[in-house]
Structure formats: structure tokens, C-alpha cells
Amino acid sequence: MYHFLMLFNQVSPFNNLWMFGKMNFPLFNPDRFQGRGKKQNYFEGWYFKIVNAPGNAAFAVIPGISIDKQGNGHAFIQILDGKARVAFYHKFDLNQFSASKDRFAIQIGNNFFSEDSMILDGLELSGELQFTNKVKWPSHWYSPGIMGPFSFVPFMECYHGIVSMGHILQGSLKYNGVHIDFDKGKGYTEKDWGRSFPSAYVWMQSNHFENQEGMRFKLSVARIPWVTGEFTGFIAGLYDGQKLIRFTTYNRCSLRYLSFKDKEVWVGIDHPSYLLRVRAMKDSGTLLASPIHGFMSGRIEESMTSSITVELYNRSNQLLLQTTGIHAGLEIAGKTELIIKDQS
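According to the working numbering, the sequence shown is numbered sequentially starting from 19.
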């Protein structure tokens, strides 16, 4: 099936429709605002991770909107100081939120966010950053973004998108009045939208790997509601500085193992050409607001000071890469025993 889709992609007239869709439809542009016309049970949020070059300042800035079952909503900007382990939540009227129709660009009050820049004003953080050398997740007409063919399923509880697997920062911010230079720092941007976060999941990400300056890595495993019950889905991407290797539920990969012990997580995923082995160590985290039926009434704990050890083998078990990433984001949420029940 996979080879058929690749061949069909080369000869199909759908390529012309795909280019039209890329220009006009949010479905084919997951980084853009997806919530136009949503009146209840809906959230959408973008996650901007920024770490300065020395590594002594690490923040997550999360703008978005939240609408509950009754249609009551607000826009928000959530800020996580990963080093001090404190978080701030700012609410705005929905009429202070606006989004471009033809690109990812949103405005909340005097604050602006896009794939290329971020402007913050009147918050704990203020100033402007530019994002360059972005690493994009490939997108095709049959697989628009990291969700792949699941993008077309209309009843998913939560959709996920990658704006940039990694990029270089330019600019500076003031944090409670103290100047922080972010030039040559590293950033990462993703997003989620839908009704609620999964009932159980693990998420991790790092762009700071020893002896691998250009490496970017993210992985998530989650319990996914489905028409026949539930299943465990996974998405991982490893960019080695030249190519992006994708490990997903829908591209002939299998979850070989997933286990938790205290603050450690082990994940193994088998790819048609590679074997991915991951060990993550969770450091202390901070509580963040998370969506439940659209409203930001849930709580999850995120660490921005964890570590991720990644090993990549070929199918002959020859070690191709072994490295450890720091300044890692890591979340372990919900009943983790639910995630591991479907392992192959």
C-alpha cells in the first residue's frame, strides 16, 4: 500500500488539487488556525520552546483558544519558565484573538505568533524573536503533516501538528525586566487542537544532543479513542542534520516496547530500515493547564530539564547513532498502563 501511494503520488492529478489545497484549506496546512467556526468543546494551542545558547534560560510559550461545552471561551497565553519551574497563565477575551486565513499567524492582544517570529508584550516575557533555519515535517496530499492519513478522520479527540522540528533563534527578551539574549539559541514549535488531550500519553523533545549539533528529536505515544474502542498510537521524528527519519503508526513501524519505572521511560520502535531505542529521564516539572472538552481545566506536569538518550540501529543491529539530549521537554500523563496494553 505504501509503495502504491508513493507511485500514485508521482502520476496523480491529485497533485494539482494538493497544490490548490495547500493554498486554500486548513486541513492541508496543519500549522494554521483550524478552529474557524468552532462554537463549543474546542481548544487549539501552539507550543513554542525557546532555549538560549548558553542553556541557562529555557521557556515554553503557549498561545491558544479554549471554548467549553456551553460555548464560553477565552484566548490564553501560558508561559513556562523551565529553569525556575514556574508557570503563568494569562486569559484574554476571545475578541482579542485573530488568525490569518492564508498562513500561520495569530494575534492575541498585543502579542503575535507565526512560524517565523514571536512578539511578546505586557507579560512576564516581552520582546521579539526571529526563527531561522527551520526543519519542517514533510507534507503530502495523502499525508498532510505529522498526523498522516489520520488527518482526514473527523472524530479524533486531539490532532497534532509540527510547525518546526527545530530552528535557530535571533533576538532577545526581557523576563520580569531582566534582559536575556537568545541569539544562536534553539527553538521548536508544535501545536494541538481538538477536544481534549489523550487520556494517557508520554511526550518528549530535545534539540540539544552531545556531538550532534544539527540533531532534532521528538516522540509521543498516546492512547487514542477509535470507533472500535481504543488503540496506542505513536509518532517520532529524528532529524540527524541531513534527513528526517519518521517513526509512525501509519508508515509500517511498530511499537516494540514501552515501559515506565519511577521517572524513567523506555521506548523501542521498529522501522522498516531502522531500530529506534530511547531512554528518557524525567526531572522535576511544573503544572500547566491542559484542555478537557475544550476548556483548560486539566493539569499536566512538564519538565524542561530532562534528558533523552537516543540509539539508532540498522536492521542488522549495527549501532548508527548514540547520543544524549539535554534541555529536554518531557510529559508523562494519565494512566500509563493504558498506553502499554497494545504493544506488539
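Ideal Cβ positions, reconstructed from N, Cα and C, are used throughout, including at glycine.
With 16 as the cutoff for other CB atoms within 10 Å, does leucine 25 come out buried or exposed?
The pLDDT assigned to leucine 25 is 42, lower than 50, so where the model puts this residue is not dependable, and the model offers no usable value.
Serine 302 to isoleucine 124, Cα distance in whole Å?
32 Å
Cβ atoms of isoleucine 253 and cysteine 271: under 7 Å apart, would you say?
Between cysteine 271 and isoleucine 253, the CB-CB gap reaches or exceeds 7 Å.
Measuring CB to CB, does threonine 341 end up less than 7 Å from phenylalanine 227?
yes
In terms of residues, what are the limits of the alpha helix (DSSP H) holding leucine 356?
354–357
Classification of aspartate 49 by the beta-carbon crowding that lies within 10 angstroms, buried from 16 upward
buried
Please name the residue, chosen from Ile318, Arg295, Phe313, that lies closest to leucine 9 on a Cα-to-Cα basis.
Because residue 9 is not part of the residues shown, which for the chain are 19 to 362, the question remains open.
Starting from the C-beta of alanine 351, find all residues in its chain whose C-beta is less than 6 Å away, skip the five residues before and the five after it, and write them out in chain order.
Tyr219, Ile318
C-alpha gap between glutamate 320 and glycine 100, whole angstroms
Between glutamate 320 and glycine 100, the C-alpha separation is close to 9 Å.
Return the Cβ separation of isoleucine 180 and tryptophan 211 in integer angstroms, given the expectation that the two are a contact with Cβ distance under 8 Å.
Contact flag wrong, Cβ pair sits at about 13 Å.
From Leu256, Phe313, Val69, Asp201, residue whose alpha carbon lies closest to that of glutamate 62:
Phe313
Taking only the alpha-carbon atoms, compute the straight-line gap between valine 69 and tryptophan 221 and give it to the nearest angstrom.
Each residue's Cα considered, the two are about 18 Å apart.
Pop quiz: leucine 348 and alanine 298 are said to be a contact at Cβ under 8 Å. What is the actual Cβ separation, rounded to whole angstroms?
6 Å
When the Cα of arginine 213 is compared with those of Glu133, Gln52, Asn47, which residue comes out closest?
Of the candidates Glu133, Gln52, Asn47, the one whose C-alpha sits nearest the C-alpha of arginine 213 is Gln52.
Select from Val296, Tyr292, Asp120 the residue whose C-alpha is nearest the C-alpha of glutamate 282.
Val296
Kindly indicate the opening and closing residues of the beta strand (DSSP E) around leucine 112.
It is not in any beta strand (DSSP E) - leucine 112 carries neither H nor E in the DSSP assignment.
Who are the near neighbours of asparagine 229 in its chain, counting only those whose CB is closer than 8 Å to its CB and skipping five residues on each side?
So the list reads Thr341, once near-sequence residues are dropped.
Note down the Cα distance separating phenylalanine 94 from methionine 165, rounded to an integer number of angstroms.
Each residue's alpha carbon lies about 25 Å from the other.
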